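Here is the structure we will look at.
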Amino acid sequence: MHRLMRFSFPGKLMIYFLAATLLVAGCKTTEPGPTEPLQANAGPDQPVQVGQPVTLDGTASKDGPGKPLTYQWAILRKPAKSVVTLALSETARPTFTPDEVGEYELRLTVSNGAATSFDNVLVLASTAQPLTIDRDITVKTVLEDRILNPNLPDYIVPKSIAVKHELTIQPGVVIAFERDVRFDINDEGGILIAKGTAEKKIRFIGVGQTKGYWAGIMVYSESNVNVMEQADLFHAGSRPMLDNKKVGMALFKESQMALKNTLFAQNDGYGLFVQETALLREFSTNAFSNNTEAGILLSTENVAKLDAASIFTGNNGRNVVEINGDYIGNNTTKNSEIVWGGFADKTPYRLLNSVAVRSGWKLNPGVTLEIARDASIIVNEEGYLLAKGTANQKVIFTGAANASAYWQGILSHSVSAQNSIEHAEITNAGSKVIISGKRANVALYGNHATITIRNTRISGSGGHGIWVGYGSTINADAATSNTFDSNAQTAVEVEE
């Protein structure tokens, strides 16, 4: 059994004891720990790809007293051919983009105003090797951007490939094709979805980056999903693909494609060929440059899809929009109006053959039509031609070559009151007889055929300026409200 022991102190002694205890407690102190020295930290070493932006990080640098730090980065060594420099080198997080394979050693120096410290970091830049696509695409496939340098291919295509399933190409992907290789988007389930961005375009190029190195892209697919956006198509046209024509891309039969912000350049032949019955589902802000032929050849059915902002005059063999096809309008459009607009870069349309107008056909101010040798424009009874320019933006009908009597002319059978040509030029037609033994820039023929022509220059005809057949009518002031020059026969001839 433990016994509790008690102690008693005289009153004054107790007071002295308590005071001494408090004095000892109040004088107790803690020794300060050692201050951490200034220490630079340039971050961990980094493996990267050539062309990949690198951000260095010195934010882990420390200073015990917590004084503000200043940062200074420098490149100690880099590959011999590299010309890179640091951006924001006096901040904690500078950047640079390796331009050559090899080691980049960088030094961070930090200062607190009284002392300095430095640390080095190593960035090792390498190049990934492209993958080979040597089999037809028969399953749903996505091609990723593997190599960040946009000048190097992510994929090599050594032989012609058929796309028979859905193929999605991610932004930044570069596909390089060996000589004479063709890329077919088949109608057996083939779909092409190639949507890049302004910063990361999708590129279809030749392994040898010369004009006419590989064959091109042939589209058979009727899918309304097919799209190329923010893409480049270069170096194709090594051999004919469609209708004995060399092209960068060809749309065949009932195929479809939407094209946006796509550049067709350095192709031996046409940049783009759209066959009759194929469909340009969308077309906007595309460009064509340095193609051996014209940038684009398309059917009459697709011309109305072209936008004013696309550029067709980039040093092509012919800076025109070439058009083939026999008709403007068909059975489904004969009661509607088809509009051809002008282009911001003033590109002319060039008709390669005679066309018959079977619906309303409106030509906007600024449109220029160049017509091939001996070809004609025939406006059928159910159609009409509405070509109203302005004093500053005339609608022009002329020959593909600047020579008198080069093309056949405009022949109208239309009875529509909407037939009108105003603020226009019609030059160099009348190359051969257009109707009833007559040559003319403009001819009307048929019972109740009618047209109004005003403020228009009519010149260079191999026959009459205007010829009006029996039973047809033209505005009474046609001879005085228009100007005529260099026509082989009369300005206006009306058959009584």
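Quick note, the sequence shown lines up with residues -25 to -1, 1 to 471 if you use mature numbering (1 follows the signal peptide of the UniProt record, and there is no 0).
From the three backbone atoms N, C-alpha and C, an ideal C-beta is built for every residue, glycine too.
From a predicted model like this one, the values you see are computed outputs, not experimental measurements.
Consult DSSP for residue i and reduce its assignment to one of helix, strand or coil.
i	result
THR343	strand
residue 472	This structure does not reach residue 472, given that the chain is present from -25 up to 471, and the question cannot be answered.
THR143	strand
THR116	strand
THR275	helix
LYS363	strand
LYS280	helix
PHE227	coil
LEU234	strand
THR84	strand
GLN47	strand
LYS176	coil
VAL59	coil
ILE401	strand
GLY246	strand
SER395	strand
ILE352	strand
ASP162	coil
VAL330	strand
ILE449	strand
GLN14	strand
GLU357	coil
PHE442	Correcting the residue identity first, residue 442 is Trp in this sequence and not Phe. Correct three-state label for TRP442: strand.
VAL29	strand
ASP460	strand
LYS220	strand
Residue i and residue j look like a contact to me (Cβ under 8 Å); what is the Cβ gap, rounded to whole Å?
i	j	result
ALA269	GLU251	Between GLU251 and ALA269 the Cβ distance is about 17 Å, and since that is not below 8 Å, they are no contact.
GLY300	ILE313	With 8 Å as the limit, GLY300 and ILE313 do not qualify as a contact, their Cβ atoms being about 12 Å apart.
GLY183	ALA206	Not a contact, Cβ separation roughly 20 Å.
ALA376	ILE346	Not quite, the Cβ-Cβ distance comes to about 10 Å (not below 8 Å), so this is no contact.
ASN265	ASN290	5 Å
residue 472	ALA463	The first residue shown for the chain is -25 and the last is 471, placing residue 472 beyond what the model contains.
GLY246	SER196	GLY246 to SER196, Cβ: 19 Å. No contact.
LEU127	THR102	7 Å
LEU31	ARG68	6 Å
ALA284	SER259	7 Å
PRO105	GLU75	Not quite, the Cβ-Cβ distance comes to about 18 Å (not below 8 Å), so this is no contact.
ILE401	THR431	6 Å
VAL354	HIS388	6 Å
ASN416	ALA404	4 Å
VAL149	SER135	No, VAL149 and SER135 are not in contact; Cβ-Cβ is about 19 Å, not under 8 Å.
VAL467	GLY446	Not really, about 16 Å apart at Cβ, beyond 8 Å.
Under DSSP, the alpha helix (DSSP H) around residue i begins and ends at which residues?
i	result
ALA453	453 to 456
Determine the extent of the beta strand (DSSP E) in which residue i is found, giving its start and end residues.
i	result
LYS170	166 to 170
GLY374	370 to 374
ASN124	Here ASN124 belongs to no beta strand (DSSP E), and DSSP marks it neither H nor E.
PRO22	21 to 24
VAL182	First-last for VAL182: undefined, no H or E at that position.
GLU297	293 to 299
SER389	SER389 -> no beta strand (DSSP E), and no H or E assigned at all.
THR288	286 to 289
GLU470	Careful: GLU470 lies outside any beta strand (DSSP E) and carries neither H nor E.
LYS134	LYS134 -> no beta strand (DSSP E), and no H or E assigned at all.
MET203	202 to 209
ASN430	425 to 434
GLY212	Element bounds for GLY212: n/a, residue is neither H nor E.
GLU312	312 to 315
TYR324	324 to 326
VAL76	Here VAL76 belongs to no beta strand (DSSP E), and DSSP marks it neither H nor E.
TRP189	That residue, TRP189, is in no beta strand (DSSP E); it is neither H nor E in DSSP.
SER406	That residue, SER406, is in no beta strand (DSSP E); it is neither H nor E in DSSP.
VAL98	91 to 101
LYS413	Per DSSP, LYS413 belongs to no beta strand (DSSP E) and is neither H nor E.
ALA151	149 to 152
LYS42	Note, LYS42: premise wrong, no beta strand (DSSP E); not H, not E.
ARG256	254 to 259
PHE263	262 to 264
TRP336	335 to 338
What do you reckon, is the C-beta of residue i under 6 Å from a heavy atom of the ligand MG?
i	result
GLY183	The ligand MG is not part of the structure shown, which contains no ligands of any sort.
If you pair each beta-carbon of the segment 159 to 173 with each one of the segment 60 to 73, do three or more pairs fall below 8 Å? no
Taking one C-beta from the segment 336 to 350 and one from the segment 359 to 376 each time, how about it: are there three or more such pairs within less than 8 Å? yes
Quick check: the segment 79 to 99 against the segment 114 to 126, are at least 3 beta-carbon pairs closer than 8 Å? no
Decide yes or no for the touch test of the segment 39 to 46 against the segment 18 to 31: beta carbon pairs closer than 8 Å, at least 3 of them. no
Taking contact to mean 3 or more Cβ pairs, one atom from each stretch, closer than 8 Å, check whether the segment 41 to 55 and the segment 133 to 147 are in contact. no
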